[in-house]
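In structure tokens form, the structure reads like this:
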């Protein structure tokens, strides 16, 4: 993915190990490529004036959609793995 607007400014913040681990987990959950991308997107939301509740609602909708997809895939896999006939009990 190419950068449309060159980035010439940099900020630096210090995080605890727990904060950084939490951000890395959030990257995985939201599909962000890096902590920097996640932070940049969060700043864009703040600068655009969207409320935290609006953003949280959007993220929750995304999480619910992903959970529904996972549930569907689990059901498909279960159906494939289920025996087609009655299961004999071991003696």
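Residue numbers (the working numbering): 27 to 117.
All residues carry an ideal CB built from backbone N, CA and C; glycine is no exception.
Since we're looking at a predicted model, the values are computed, not measured.
- Exclusion of the five residues before and after residue 31 leaves no residue of its chain whose Cβ lies closer than 7 Å to its Cβ.
- Assignment of residue 54 by DSSP, reduced to helix, strand and coil, places it in the helix class.
- For residue 69, the enclosing alpha helix (DSSP H) starts and ends at 61 to 74.
- When DSSP states are grouped into helix, strand and coil, residue 31 belongs to the coil group.
- Cβ-Cβ distances below 6 Å link residue 97 to nothing in the same chain once the five nearest sequence neighbours on each side are left out.
- The beta-carbon distance between residue 56 and residue 64, rounded to whole angstroms, is 7 Å. This is short enough to meet the 8 Å contact definition.
- Taking residue 46 as the centre and dropping the five residues before and after it, the same chain places the C-beta of 61 closer than 8 Å to its C-beta, in chain order.
- When secondary structure is reduced to three states using DSSP, residue 36 falls in the coil class, being assigned neither helix nor strand.
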